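What follows is one structure encoded as structure tokens, with my remarks underneath.
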Amino acid sequence: MSKFIIKRVLICCLIFFFVMFIIYALMYSLPTSYVEKTARQLSQKPGTQKSYTEWLQELNAEYGMDKDVVSGYFTWLSSSLRGNFGDSWYYTIPVTQEFQKTIWYSFALGLVVFILETLIAIPLGVVAARKQYSMTDYTVTVLAMIGISMPTFFVATLLKLIFAVKLGWFDISGMTGRNYHTLSQAGQFWDVAKHFVLPALTLIIIGIGGLMRYTRTNTLEVLNADYIRTARAKGLPESKVIGRHAFRNTLIPLITILGGSLPGLFSGALITETLFSIRGIGYASYNSMVNGDIPFTMFYLALISILTLLGNLIADILYALADPRVRVN
Amino acid sequence: MERKSFNELLKEQERLEAKKQDDGHVALDDAKRIKVLSPGQLVFKRFIRNKLAIFGVCVLLFMFLFAFIAPLFYPYTQTQVFFKYDYVNSDYATASLRTDYTNHILNQDTAVDSFVQRNITSSIESMDAAGLEQTVVTAENGTVYALQKLGEGIYALSLNGGSKVAALSASSRIGTYSLLAKTMTYDGDDLGGGFVDALRQAIAAGTTGFSFNNQAYTWELGEKKTYTVTSAGASVQYTGAPLSGEFETAAKAALENKASGFTADGTAYALSKTSGETAVVSIVPGEPLLLSSVYVIDTTDNTKTVSEELTRQTLLNAYSGQPFEADGQQYEVKSENGERVLYTADGGEFGLLTNFVVRDASGKDTLELNFKEAALKAVSKMVETGVNTGSFTYQFPDMQTHFEGTEPVLAAAANADGSAKMRDTEIAVSFKAGNYQMTCFQWKHLIDISAGPSSRHTFGTDTDGMDILARMMYGGRISLCVGFIVVILETFLGVIMGGIAGYFGGWVDNLIMRLVDIFYCIPSLPILIILGSFMDAMKLGAYTRLAYMMAVLGILGWAGVARLVRGQILSLREQEFMIAAEATGIRVKHRIFKHLLPNVMPQLIVTATAGLGSVIITESTLSFLGLGVKHPLATWGTMINSVTSSNENIIKYTYIWIPVGALICFTVIAFNFVGDGLRDAFDPKMKR
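Protein chains in written order, with this note's numbering: chain Y, 1 to 329; chain D, 1 to 688.
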């Protein structure tokens, strides 16, 4: 087992090295004129502490943009591995500071969505699989498909129209209400929570379909297995067949992908956060990307890559833990 | 028994068989009871049993017709801008009271000093202030011009034909006379012994004034019997022959009053001060070189234009009462109710001279005389009451608008009896920066922006005045094209990479699979956003952007296909038919393309169909963020983005963004349903 994990970790490190290189090469190949132009524009913003040349010098020092692409990459890798990502051009504070400021909003949003999605999707998927080709099955399948097929921005706009504009239950965007500062501490918490409802709903609608289909497919596979037929043949009640024999086996692929999606809680929801102006990591990185803030963008890309790799790694390890057959092979 | 040939026997048997079948007698083990379907037919049969898949196919069929065929028959294109006439409140006219004089050059041959020309207004104003009819203006180079008032508001400038006739000097101290010393001390020139005698006689007689050489003098007693002698009044020194007494009196009076000119003996004179003395210049106006006037000609018929020649001649003859010729036609100016009206030779009214200038909003003189008079009345009232805003009512012809094809047409409305229908229009006047601005409701030719659904535009028009339905069609075209091109690109790359990895195995497989891992890990949406904002900054064209976007989507998307193809090939490679193919010794090329790839195709088609949906979502998301396909190309994403920027727009334009969003959703759902249906049809064992 430990050999398996070590091998996987080493492969991950190797992939990480090359992914970072590709990302670095992409940024490196941006025309100098573009980099200089954005640096100049951002340095003229009010409240900027550094001048245009200082930004570029810092970029060269920490990102090695003035060297050739390979040695420049090692310069950047060594400084970023030491946690030094430089100062954000757009936010004018160190990149890591901006990250700490925003990450917990994204995490909170992601966690709520993750929990709700799991709680709704898995039972629905199991029910749909048990009653294959029934009305319930078709409804669940079609709804799941609709959820998967809707673009995030369309769902978000529809929800805004219904709940924010027509019904007026929530604010259309933003994280705090108008009288946020006059509220008590508990009131402030509920105010922010209320502003998270629509983004969370959007993410659930978009994301729930995939998990539901996955659960249904895996449950069906398990239900067709020989041991279920055996369990039924020996006269076990259906609840026991489903609850003990089938569901436990369904859990193997489920915990794998759920575990694998845990690191994703930190990656933020790029489009949803932007549309609802939730100041999470996704919103921050969207602004930095659109405004050509290279330090923050590099950081965000590195972060997403690490999280994806970590997700894959966790999924692999969980799979090996949950299913001994994998370890043998 | 007749002997039959074998052929005949067979035919008979066939007949019997056919008869049996017609009777419905089919043996239980008859092969005809079983309908044998080809694999393709089987897949097709299983596919059409799936209702969701059929729904998907119908939707896709509709989308293709809508995006690729319908635009051929739809009259509008995606970038066509529509216009309309609307009754809106906007600037109609500007009026101003002209106070500055405009020069009209009469004689092109003789150049008038430019300084004099530029300062003509101040020269005229100072002449008017002095109450003079004529004056002289001296240029820096010494040329003397005569400025002559032809009448109210019209002045002529000519070379002065007169000359300096005299010099005037005001009263001045001559000197002092000491009675004790009996000596005269002159301040200036010695006036001779006779002067002292005359002075002494006057002192002896006790008269304070005395005369010498026609010049009056006064004396005043100072200390120690010293008398100060002063010449009394102005003195005139003639340049040529002395002029009449009337001239002298008038000249002296003018000097006393500090006037700039006077008239004597029917001739006008101007006083011009030079160092020490004041010269009297006679004014004899020559041939006018230029006319200076505040007046313009307002034509009665606003379609007629006034030539510069006509303006010059009219101004020249405005007060002469003489008929004159301009541009080969006879005109005459007559005075009516204090206004100068210009008539043509046939007695028709051509226009009138006015310094109240009314021009339409674009600065052209196209307005009716009646309107101008009404405007003058309103402005005069405003001036009288001292307010800055006012209004008046004027009758404009009432208009109606309708469409001829796509072009809006404006036509005059008519009453039941056929006469032109008029509409009372309230015109608001406001005084701003020296001008009187007149605004009213009027018919304007406008871009038909944000029009609601109508018979001409089923879904209305967008904020650029383009037809929404047309843009929906063309947007669908782009979305579907992007989807297909990207999927073809990523499938192509994926099949090659996955095929190589799966077929050759070993270190090649390992290398390519690590490459797949790497590409799996690269966050594609952030990279597309960066690319989009970079292309924004570089201001790339709409089609270039599209090409770049498709290329990047394809390059970032092949890893999934490669992984799938490799897995399939790995499992197929071990199967018996491949071993058989190898055993028969057919070439590698044929083994791959004839035996291996056809077995991968079902899986590929399923993935590609589902992939189409996700590419369309990605493309529309990018376009929605403004980083994908750009104006003027239409795409579903940008169409939604342009109408959902604010709360009000979300409500106001539901009829635009909900149908467009539904188009995206239905297309993607349909692709997913068809993909699912295909998968189930290809491999019923996998059916879930």
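Yeah, the Cβ is synthetic: ideal placement off N, Cα and C, and Gly gets one too. Remember, predicted model here, so these are calculated numbers, not experimental data.
Closer than 8 Å at the beta carbon, the chain D residues around residue i
{"i": "Thr308(Y)", "result": "Tyr520, Cys521, Pro523"}
{"i": "Ser285(Y)", "result": "Pro526"}
{"i": "Thr365(Y)", "result": "The structure shown does not extend to residue 365(Y), since chain Y is modelled only from 1 to 329, so the question has no answer here."}
Proximal residues to residue i (C-beta, below 8 Å), its chain only, five neighbours per side dropped
{"i": "Ile616(D)", "result": "Ser479, Leu480, Val482, Gly483, Ile664, Thr667, Val668, Phe671"}
{"i": "Leu689(D)", "result": "This structure gives no information on residue 689(D), because the portion of chain D shown stretches from 1 to 688."}
{"i": "Glu140(D)", "result": "Asp113, Phe115"}
Beta-carbon neighbours of residue i, restricted to chain Y and to distances below 8 Å
{"i": "Ile48(D)", "result": "In chain order: nothing, as chain Y lies at least about 17 Å away."}
{"i": "Met538(D)", "result": "Pro31, Tyr34"}
{"i": "Ser450(D)", "result": "Residues of chain Y passing the Cβ test: none, with the nearest at roughly 18 Å."}
{"i": "Asn672(D)", "result": "Met145, Ile148, Ser149"}
Per-residue contacts from residue i into chain Y (C-beta, under 7 Å)
{"i": "Asp517(D)", "result": "Ile15"}
{"i": "Trp657(D)", "result": "Thr157"}
{"i": "Val668(D)", "result": "Ser149"}
{"i": "Ile664(D)", "result": "Pro151, Phe154"}
{"i": "Phe484(D)", "result": "None at all; the shortest Cβ gap to chain Y is about 18 Å."}
{"i": "Ser533(D)", "result": "Met289, Val290, Gly292"}
For residue i, the three-state DSSP class (helix, strand or coil)
{"i": "Leu622(D)", "result": "helix"}
{"i": "Ser479(D)", "result": "helix"}
{"i": "Ser184(Y)", "result": "coil"}
{"i": "Val690(D)", "result": "The structure shown does not extend to residue 690(D), since chain D is modelled only from 1 to 688, so the question has no answer here."}
{"i": "Thr250(Y)", "result": "helix"}
{"i": "Phe21(Y)", "result": "helix"}
{"i": "Gly151(D)", "result": "strand"}
{"i": "Phe153(Y)", "result": "helix"}
{"i": "Trp636(D)", "result": "helix"}
{"i": "Leu61(D)", "result": "helix"}
{"i": "Asp509(D)", "result": "helix"}
{"i": "Arg688(D)", "result": "Residue placement at Arg688(D) is flagged as unreliable, the pLDDT there being 44, under the threshold of 50; a coordinate-derived value is accordingly withheld."}
Limits of the alpha helix (DSSP H) - the one that residue i falls within
{"i": "Ile447(D)", "result": "Segment 435-447 is the beta strand (DSSP E) holding Ile447(D); no alpha helix (DSSP H) there."}
{"i": "Lys4(D)", "result": "Lys4(D) -> no alpha helix (DSSP H), and no H or E assigned at all."}
{"i": "Ile579(D)", "result": "576-583"}
{"i": "Asp536(D)", "result": "524-538"}
{"i": "Glu404(D)", "result": "Element bounds for Glu404(D): not the alpha helix (DSSP H) but the beta strand (DSSP E), 399-404."}
Other residues of its chain near residue i: CB distance less than 6 Å, five sequence neighbours each side excluded
{"i": "Arg688(D)", "result": "For Arg688(D), the pLDDT reaches just 44, beneath the cut-off of 50, and the residue's location in the model is therefore unreliable, although a value from the coordinates is still provided. Hits under 6 Å: none found."}
{"i": "Pro263(Y)", "result": "Leu307, Leu310, Gly311"}
Residue j beta carbon less than 8 Å from that of residue i
{"i": "Ala470(D)", "j": "Tyr76(D)", "result": "yes"}
{"i": "Gly498(D)", "j": "Ala562(D)", "result": "yes"}
{"i": "Ala121(Y)", "j": "Thr219(Y)", "result": "no"}
{"i": "Met175(Y)", "j": "Val192(Y)", "result": "yes"}
{"i": "Gln329(D)", "j": "Ala318(D)", "result": "no"}
{"i": "Ser272(D)", "j": "Val136(D)", "result": "yes"}
{"i": "Leu313(Y)", "j": "Arg8(Y)", "result": "yes"}
{"i": "Phe163(Y)", "j": "Lys194(Y)", "result": "no"}
{"i": "Ser285(Y)", "j": "Leu270(Y)", "result": "yes"}
{"i": "Gly502(D)", "j": "Val565(D)", "result": "yes"}
{"i": "Ser282(D)", "j": "Thr263(D)", "result": "no"}
{"i": "Ser106(Y)", "j": "Val95(Y)", "result": "no"}
{"i": "Leu410(D)", "j": "Gly532(D)", "result": "no"}
Proximal chain D residues relative to residue i, where beta-carbon distance stays under 9 Å
{"i": "Pro324(Y)", "result": "Result: empty, since nearest Cβ-Cβ is about 23 Å, beyond 9 Å."}
Endpoints, beta strand (DSSP E) assigned at residue i
{"i": "Ala279(D)", "result": "278-283"}
{"i": "Leu180(D)", "result": "Unbroken run through Leu180(D): none, as it is neither H nor E."}
{"i": "Thr274(Y)", "result": "Taken as a continuous stretch (DSSP letters only), Thr274(Y) belongs to no beta strand (DSSP E), being part of the alpha helix (DSSP H) at 270-276."}
{"i": "Asp680(D)", "result": "Per DSSP, Asp680(D) belongs to no beta strand (DSSP E); it is in the alpha helix (DSSP H), 654-682."}
{"i": "Tyr343(D)", "result": "339-344"}
Proximal residues to residue i (C-beta, below 7 Å), its chain only, five neighbours per side dropped
{"i": "Arg456(D)", "result": "Phe403"}
{"i": "Ala202(D)", "result": "Phe210, Trp219"}
{"i": "Phe153(Y)", "result": "Ile271, Leu275"}
{"i": "Thr461(D)", "result": "Phe82, Asp448, Ile449, Ser450, Ala451, Asp467, Ile468"}
Amino acids of chain Y, ordered along the chain, whose beta-carbon sits closer than 9 Å to that of residue i
{"i": "Thr463(D)", "result": "The contacting residues do not exist; Thr463(D) stays about 17 Å from chain Y at best."}
{"i": "Arg514(D)", "result": "Ile11, Leu14, Ile15, Phe18"}
Below-8 Å beta-carbon distance, residue i vs any chain B residue
{"i": "Lys194(Y)", "result": "Absence of chain B from the displayed structure is noted, the protein chains being Y and D."}
Listed by chain order, chain D residues near residue i by CB distance under 7 Å
{"i": "Tyr300(Y)", "result": "Pro526"}
{"i": "Lys160(Y)", "result": "Ile650"}
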